[in-house]
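Notes follow the structure.
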Amino acid sequence: MSFAESKKEILLRIDALKKEDNLDFAAHFMTLCALYAGITLLAHAPKVSALATASAIAFGLIHDYAITSRKKNLYTPDSDSFGDLVRDVHSVCQDLSIAPPPVLVDRTKRYANQTVDGISNPEVILSEPILTDMGPKQIFFICKHEIGHIVTQKNLKTSALMFLRDCSVFTACALAWTSTHLPEKKIYGALTLLTALGTQALLNHYERNNELRSDTFACLPDGDTEGYIDTLHKFYDCPMPRFDRSVASLVDYTKGNKYLVGPKRVWAWIFSDHPTKYERIKNLEP
Ligand SMILES: [Zn+2]
Numbered sequence: 014m015s016f017a018e019s020k021k022e023i024l025l026r027i028d029a030l031k032k033e034d035n036l037d038f039a040a041h042f043m044t045l046c047a048l049y050a051g052i053t054l055l056a057h058a059p060k061v062s063a064l065a066t067a068s069a070i071a072f073g074l075i076h077d078y079a080i081t082s083r084k085k086n087l088y089t090p091d092s093d094s095f096g097d098l099v100r101d102v103h104s105v106c107q108d109l110s111i112a113p114p115p116v117l118v119d120r121t122k123r124y125a126n127q128t129v130d131g132i133s134n135p136e137v138i139l140s141e142p143i144l145t146d147m148g149p150k151q152i153f154f155i156c157k158h159e160i161g162h163i164v165t166q167k168n169l170k171t172s173a174l175m176f177l178r179d180c181s182v183f184t185a186c187a188l189a190w191t192s193t194h195l196p197e198k199k200i201y202g203a204l205t206l207l208t209a210l211g212t213q214a215l216l217n218h219y220e221r222n223n224e225l226r227s228d229t230f231a232c233l234p235d236g237d238t239e240g241y242i243d244t245l246h247k248f249y250d251c252p253m254p255r256f257d258r259s260v261a262s263l264v265d266y267t268k269g270n271k272y273l274v275g276p277k278r279v280w281a282w283i284f285s286d287h288p289t290k291y292e293r294i295k296n297l298e299p
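Just so we're aligned, residue 14 is where the sequence shown starts under this note's numbering, counting upward by one.
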């Protein structure tokens, strides 16, 4: 790869990160700042409070814009090649007594992973690399795993846990900020860090368990665990864009034929929202 090409590649990645993760994070952070400003500063410094609130709203709008532009990159796969898949998805959903979600494809190739978007009207989003690398049966397995997330209401529960995480981190942070004695400030500072790591670990623990639960849905209706295990092998071997951090970093160190031990295990507790490939396979074995 030439210098110009790598530069372009890097810029593309930064762009993707900016649009998704960073804006998401910034919007979240600004909302918390506004909340803090609202609680602690309203009485003393209304101007500061108003500025913080205005920036939070601005970040929220930019964030919404980023999400909307992402939606523009989604398309419905054509019925010629995906008619069977849509029919199969409908029949599984009928068995599970849930409304069949629309199956969409993301053309940006930004998401190596596939996902469920939304809480009240969830959509299954597949990525183009998955469509080119996998066969129809394997794509159906992946859709059924995503349907598992819908049945178990993963998005709703994850959002609730994120809210709990943010509120507790915010409270500890606000205590650290407002306390006037230095030793007390240090204690609350440490509490902020512990709360952030602890609640994040709790969230990831839930998410990893939900992945294992959703894997059992992937084997419906005939309990074809072997077919799904083959799909998992193939999926974990798919090339992942490096900026898909949550998946890529995890896949990098879960590729080897080992369970996570030692520092990697601690890292996984705090930062990984997916189990390793081998934990997933073990979970499916009778
Ligand atoms: Zn999943």
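Backbone N, C-alpha and C fix where the C-beta goes; we use that ideal spot for every residue, glycine too.
Since the structure is predicted, the reported quantities are computational estimates derived from the model, not experimental observations.
- Do you know offhand how far residue 173's Cα is from residue 165's? 14 Å
- Comparing the CB of residue 227 with every heavy atom of ligand 1, is any distance shorter than 7 Å? yes
- Item | Pick from 293, 177, 285, 179 that is closest to residue 232, judged by C-alpha positions | 293
- Message: Within 10 Å of its beta-carbon, does residue 201 have 16 or more other beta-carbons around it, so buried, or fewer, so exposed?
- Response: buried
- Message: Quick check on residue 298: does DSSP put it in helix, strand or coil?
- Response: coil
- Query: residue 167 and residue 222: beta carbons closer than 8 Å?
  - Reply: no
- Query: Any heavy atom of ligand 1 within a distance shorter than 7 Å of the CB on residue 162?
  - Reply: yes
- Item | For residue 217 and residue 85, the rounded distance between their alpha carbons | So the two alpha carbons sit approximately 30 Å from each other.
- Integer Cβ distance of residue 225 from residue 288, believed to fall under 8 Å: The beta-carbon distance between residue 225 and residue 288, rounded to whole angstroms, is 6 Å. This is short enough to meet the 8 Å contact definition.
- Got a sec? Which residues, its chain only, sit under 7 Å from residue 120 by beta carbon, not counting five neighbours each side? 86, 88, 141
- May I ask which residues mark the beginning and end of the alpha helix (DSSP H) holding residue 212? 195-231
- Message: What does the alpha-carbon distance come out to for the pair residue 151 and residue 96?
- Response: 15 Å
- Status (buried if at least 16 other CB within 10 Å, exposed otherwise) for residue 158: buried
- Task: Give me whichever residues DSSP pairs with residue 128 in a beta bridge.
- Result: 138
- Query: Can residue 154 and residue 236 be called in contact, C-beta distance under 8 Å?
  - Reply: no
- Measuring CA to CA, which of 188, 138, 71, 132 is closest to residue 99? 138
- Any non-hydrogen atom of ligand 1 within 7 Å of residue 158 CB: Flag set: Cβ of residue 158 near ligand 1.
- Task: Determine the contact status of residue 280 and residue 214, defining contact as a CB-CB distance below 8 Å.
- Result: no
- Please report the residue range of the alpha helix (DSSP H) in which residue 117 lies. Note, residue 117: premise wrong, no alpha helix (DSSP H); beta strand (DSSP E) at 116-119.
- Query: Who are the Cβ neighbours of residue 106 in its own chain at under 6 Å, not counting the five residues just before and after it?
  - Reply: 113.
- What is the DSSP secondary structure of residue 1, reduced to helix, strand or coil? Any answer about residue 1 is impossible in this case: the structure gives the chain only from 14 up to 299.
- Message: Are the CB atoms of residue 156 and residue 102 within a distance shorter than 8 Å?
- Response: yes
- Query: Does any heavy atom of ligand 1 sit closer than 7 Å to the C-beta of residue 224?
  - Reply: yes
- Return the residue from the list 229, 249, 244 that minimises the CA-CA distance to residue 299. Nearest of 229, 249, 244 to residue 299, Cα basis: 229.
- Spatially closest choice to residue 118 from 109, 111, 92, by CA coordinates: Distances from the alpha-carbon of residue 118 to those of 109, 111, 92 put 92 closest.
- Item | Cα-Cα separation, residue 71 to residue 161 | Looking at the two C-alpha atoms, the distance is approximately 35 Å.
- Item | Residues that DSSP places opposite residue 88 in a beta bridge | 118
- Candidates 199, 111, 242, 219: which alpha carbon is nearest residue 175's? 219
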